[in-house]
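Working notes, beginning with the structure itself.
There are 2 protein chains.
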Amino acid sequence: MSGLIQPDLDLAASMFEALSQATRRGRGIVRDSYGPGEQAAHTIVRSVADVIGLEVAVDAIGNLTMTLPGRDRGARRILMGSHLDSVPQGGNFDGAAGVVAGLSIVAGLRKAGVVPPCDVAVMGIRAEESAWFDIAYLGSGGAFGLLDPACLSIRRSDNGRTLESTLIEQGFDPRAIRERRRLLDPASIRAYLELHIEQGPTLVEKRLPAAVVTGIRGCKRFRNARCTGEYAHSGAVARPYRHDAVAATVSFLHHMESVWVREEAAGADLVLTAGELFTDPALHGPSKIAGDTRFVLDLRSLSDATMEAVADEARTAAARIGGEYRVSMELGGTSDSPAAIMNGQLRSRLSGLLERPFEMASGAGHDAAVFATQGIPTAMVFVRNDHGSHNADEAMSIEDFGVGARALMGLLMDFPF
Amino acid sequence: MSGLIQPDLDLAASMFEALSQATRRGRGIVRDSYGPGEQAAHTIVRSVADVIGLEVAVDAIGNLTMTLPGRDRGARRILMGSHLDSVPQGGNFDGAAGVVAGLSIVAGLRKAGVVPPCDVAVMGIRAEESAWFDIAYLGSGGAFGLLDPACLSIRRSDNGRTLESTLIEQGFDPRAIRERRRLLDPASIRAYLELHIEQGPTLVEKRLPAAVVTGIRGCKRFRNARCTGEYAHSGAVARPYRHDAVAATVSFLHHMESVWVREEAAGADLVLTAGELFTDPALHGPSKIAGDTRFVLDLRSLSDATMEAVADEARTAAARIGGEYRVSMELGGTSDSPAAIMNGQLRSRLSGLLERPFEMASGAGHDAAVFATQGIPTAMVFVRNDHGSHNADEAMSIEDFGVGARALMGLLMDFPF
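Protein chains in written order, with numbering that gives the first Met the number 0: chain A, 0 to 416; chain B, 0 to 416.
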């Protein structure tokens with residue numbers, strides 16, 4: 000029977016087109032968290048839910064839930080979804096693809112007249128991106144009452160308005176966050192399923208349309224690392240007398256790359272990035288030894304223990320290399336998010352539904368991580384996407400999207416628990 | 000006899016005090032090239048020359064020459080001097096110490112009634128620092144007709160006025176530069192002697208008051224090196240698929256440090272500095288792999304051949320490492336100034352006049368380099384100075400200054416040619 004029941008890919012294609020038309024600003028997509036761009040996406044998605052005939056609800060902080068009622072309304076439900084916001088000048092698929100997938104699957108079920116054993120709901124989650132309010136997972140974290148109420152004072156990066164006043168302006172209720180109110184009960188959720196474009200090049204390089212995600216890497220980030228030496232004339236100071244912040248930083252980062260290579264060779268999951276690195280433009284100069292650098296060191300792994308061990312190694316190396324180069328190297332504190340492992344049973348079932356099974360880690364964070372850390376069985380499907388994400392050039396074909404959506408639908412039709 | 004004839008250190012101390020009072024702006028010294036700060040220094044120096052009773056002349060571009068007439072007015076003369084400008088918020092001694100040394104020596108000769116066999120003149124040279132007009136040696140280069148007339152269009156870094164209009168405003172004649180007029184005939188100069196503070200920490204570290212300079216390192220600078228990769232999500236791209244500009248730049252600079260260590264071990268004179276290094280603040284981010292870096296690589300040596308060889312090695316390494324990291328690493332062109340070797344006879348004579356002889360290279364450029372490249376026998380004495388130069392904390396004692404000035408005076412009293 001399930002072979003005849005398909006996600007509605009025509010509906011999906013028309014939704015992507017509508018989203019693009021409504022939220023394209025110049026080359027890129029702007030669906031600003033809790034702003035008019037995100038709201039436009041919610042309006043489109045909600046109107047599709049109305050056409051399909053789903054039950055629609057919006058929670059106190061604006062998350063949209065669109066439910067296809069099941070036979071047993073009291074049974075734990077299955078959620079599908081993703082977020083509807085984007086980074087500034089982002090692409091059309093990051094986030095939205097997961098919501099469109101859920102609706103195309105539910106539309107397929109409805110069209111085939113299937114009434115699932117439990118409710119199947121699609122969530123359009125708010126504000127996953129940290130680009131606007133400098134905090135990720137506002138929508139999913141808020142739904143589970145996980146947010147620190149202090150986040151209400153965070154100001155939007157573009158217009159400077161606080162999250163609190165923004166929520167009020169949009170007709171939502173910041174008290175839900177202030178009181179850490181739980182809007183979603185983990186015990187009522189059987190599973191959370193999310194389709195998302197891959198944000199790296201792995202599937203393009205491997206010529207595969209889709210993959211099953213093993214887990215979402217945690218992140219341990221030295222956000223404010225700095226090296227302090229002494230400014231001096233580049234020609235006039237011999238090597239033993241230098242306090243060269245650039246030379247020390249180069250030596251440190253080079254060492255950390257060798258740690259990465261070593262960990263990889265030992266089979267550990269790890270990525271390591273220094274994405275910001277700079278001397279002080281007010282003080283540096285072409286004929287000066289640099290007295291300062293600032294940099295970020297971003298560690299990610301499926302294993303919290305690996306991140307901890309590599310961070311320890313970084314601290315030890317910073318002290319040792321600082322001494323060697325007669326500078327002070329202070330990595331500072333880390334901001335941490337734990338790794339989130341996907342449900343093994345759902346993973347293997349999904350892999351079995353792919354023509355060419357392939358599993359990979361997600362390096363980027365997703366709402367699925369929040370659901371997984373609430374103890375909810377969670378699974379993710381990645382769809383091939385060229386040019387990475389968070390830019391105007393995201394490129395996902397509807398065929399590849401169909402491969403991922405069909406796998407999720409197959410899982411739903413024969414759910415293991 | 001020469002034991003009784005001494006540089007006038009009281010005069011020197013009072014000149015340093017007058018210069019400090021006239022040109023201190025906040026913590027630091029501001030003697031802006033062809034501006035009021037430099038002019039204030041010229042006025043002070045010139046008034047001292049008048050008191051001593053020297054012949055004073057100012058050339059078409061503002062260089063000041065103060066001459067103690069010798070017995071044979073037609074004989075080739077000996078010049079002493081240095082520049083009177085400073086960098087913004089510089090110190091009181093860089094440059095000025097050489098002019099003060101010359102005047103304190105000439106004052107000592109005059110006080111002792113010595114009439115030297117040839118004219119001995121002190122030069123207050125204009126605009127040695129490149130901080131104001133982005134070109135070094137304007138005064139000495141211009142005196143020998145060496146400047147590219149295009150330099151007249153260079154705008155002062157602070158007020159945006161061209162060198163040409165600035166010269167006119169100050170009452171000087173830009174046509175001398177436009178016509179590459181030679182204001183100073185190398186054939187008329189027996190020798191050029193310059194006292195200067197050391198700009199590095201070597202004499203402080205070695206607890207020596209003064210040193211004889213072997214030569215002035217040339218400089219070969221890759222001013223606009225850049226590495227271009229691809230921006231991507233820091234968590235989502237595995238190592239083999241990255242185009243990480245920071246990782247490639249770190250690998251390159253780390254390699255160049257190993258080249259430096261190797262050259263030093265082989266006995267070569269070399270210093271190597273990357274004093275500016277930065278990702279693009281408009282595009283970088285803590286969770287992004289960096290797609291761009293810019294940096295400067297500054298090579299200096301007493302040997303032009305060493306600089307050439309290390310620059311070749313840098314180009315080869317940039318191509319190789321760019322390939323390894325799947326980025327484009329373009330070092331761009333170099334700006335070059337050749338090394339200038341000091342006169343061997345004058346060097347050894349000066350060394351013999353120091354209680355604790357010590358020779359060292361000058362890593363910074365000095366007007367002496369211009370005189371040396373004109374084939375004029377040139378010598379330099381370095382005086383110990385704490386905290387480096389080009390900053391408000393330059394610290395030279397009058398005792399150490401006296402050690403250097405006495406060596407120069409000793410050389411003058413028993414000149415070898």
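Ideal Cβ placement from N, Cα and C applies to all residues, glycine included.
Chain-ordered chain A contacts of residue i [CB-CB under 8 Å]
i: A209/B; result: Per Cβ cutoff of 8 Å: no residues; A209/B is ~15 Å from chain A at best.
i: E263/B; result: R238
i: H253/B; result: V249, S250, H253
i: G27/B; result: Those within 8 Å of G27/B in chain A number zero; the least Cβ separation is about 13 Å.
i: V326/B; result: None at all; the shortest Cβ gap to chain A is about 14 Å.
i: A273/B; result: V245, A246, V249, A289
CA-to-CA distance, residue j to residue i, given in whole angstroms
i: R109/B; j: I153/B; result: 41 Å
i: S1/B; j: A100/B; result: For S1/B, the predicted structure reports a pLDDT of 46, less than 50, and the residue's modelled location is therefore unreliable. A value from the coordinates is still provided. Cα to Cα, the separation comes out at about 17 Å.
i: S233/A; j: G94/B; result: 18 Å
i: A106/B; j: F277/A; result: 50 Å
i: R174/B; j: G73/B; result: 28 Å
i: D385/B; j: A246/A; result: 23 Å
i: V382/A; j: D399/A; result: 6 Å
i: G228/B; j: G34/B; result: 44 Å
i: A367/B; j: S81/B; result: 8 Å
i: T372/B; j: N390/B; result: 28 Å
i: V113/B; j: L411/B; result: 11 Å
i: T369/B; j: S139/B; result: Checking the sequence shown, residue 369/B turns out to be Val, not Thr. Roughly 7 Å between the two C-alpha positions.
i: D172/B; j: G159/B; result: 19 Å
i: A267/A; j: R216/B; result: 48 Å
i: M255/A; j: A273/A; result: 10 Å
i: R261/A; j: A142/A; result: 40 Å
i: G343/B; j: G409/B; result: 17 Å
i: L137/A; j: R155/B; result: 51 Å
i: T59/B; j: V236/A; result: Before going on, a small fix: residue 59/B reads as Ala here, not Thr. In a straight line, the C-alpha of A59/B is about 36 Å away from that of V236/A.
i: E54/A; j: G69/A; result: 11 Å
Neighbouring residues, chain B, relative to residue i (Cβ below 7 Å)
i: G90/A; result: Neighbours of G90/A on chain B: none; closest Cβ ~12 Å, over 7 Å.
i: V98/A; result: Result: empty, since nearest Cβ-Cβ is about 20 Å, beyond 7 Å.
i: V47/A; result: In chain order: nothing, as chain B lies at least about 29 Å away.
Cross-strand partners of residue i (DSSP beta bridge)
i: K205/A; result: BP columns for K205/A are empty, so no partner.
i: G217/B; result: S300/B
i: M379/A; result: E193/A
i: H82/B; result: I124/B
i: N161/A; result: Checking the sequence, you will find Thr at residue 161/A rather than Asn. R154/A.
i: M412/B; result: Paired residues: none, contrary to the question.
i: E323/A; result: Paired residues: none, contrary to the question.
i: K287/A; result: H232/A
Listed by chain order, chain B residues near residue i by CB distance under 9 Å
i: L276/A; result: V245, T248, V249, L276, F277, T278, H283, A289, T292
i: V198/A; result: One detail in the question is off: residue 198/A reads as Gln in this sequence, not Val. By Cβ distance, chain B contributes A231, H232, G234, A235, V236.
i: T201/A; result: A235, V236, A237, Y240
Neighbour list for residue i in chain B, Cβ cutoff strictly below 8 Å
i: E256/A; result: A246, V249, S250
Whole-angstrom C-beta distance between residue j and residue i, which should lie under 8 Å
i: A339/A; j: L330/A; result: With 8 Å as the limit, A339/A and L330/A do not qualify as a contact, their Cβ atoms being about 25 Å apart.
i: R299/B; j: C218/B; result: 5 Å
i: P6/A; j: L67/A; result: Not really, about 13 Å apart at Cβ, beyond 8 Å.
i: A120/A; j: T64/A; result: 5 Å
i: C150/A; j: I134/A; result: 5 Å
i: Y240/B; j: P200/A; result: 5 Å
i: D31/A; j: D118/A; result: With 8 Å as the limit, D31/A and D118/A do not qualify as a contact, their Cβ atoms being about 31 Å apart.
i: F357/B; j: L207/B; result: 5 Å
i: L8/A; j: L194/A; result: The pair is not a contact, with the Cβ atoms about 13 Å apart (cut-off 8 Å).
i: L269/A; j: E263/A; result: 6 Å
Where residue i meets chain A, residues with beta-carbon distance less than 9 Å
i: T305/B; result: The contacting residues do not exist; T305/B stays about 14 Å from chain A at best.
Cβ-heavy atom distance, residue i to the ligand FMN, below 7 Å
i: V119/B; result: Of ligands this structure carries none, so the ligand FMN is not represented either.
Taking only beta carbons into account, state which residues of the stretch 204 to 238 of chain A come closer than 9 Å to chain B, listed in chain order. E204, I215, R216, C218, R220, R222, E229, Y230, A231, H232, S233, G234, A235, V236, A237, R238
For the stretch 284 to 300 of chain A, list every residue whose C-beta sits within 9 Å of some C-beta in chain B, in sequence order. Under the 9 Å Cβ criterion, the stretch 284 to 300 of chain A contributes G284, P285, S286, K287, I288, A289, T292, F294, V295, D297, R299.
Short of 8 Å Cβ to Cβ, which residues in the stretch 375 to 400 of chain B face chain A? Hits within the stretch, in order: G387, S388, H389, N390.
Got a sec: which bits of the stretch 339 to 368 of chain B sit with their beta carbon under 8 Å from any beta carbon on chain A, in order along the chain? S361, G362, A363, G364
Residues of the stretch 305 to 322 of chain B whose Cβ lies closer than 9 Å to any Cβ of chain A, in chain order: none
Mind listing which residues of the stretch 52 to 71 of chain A have their C-beta closer than 8 Å to chain B's C-betas, in chain order? none
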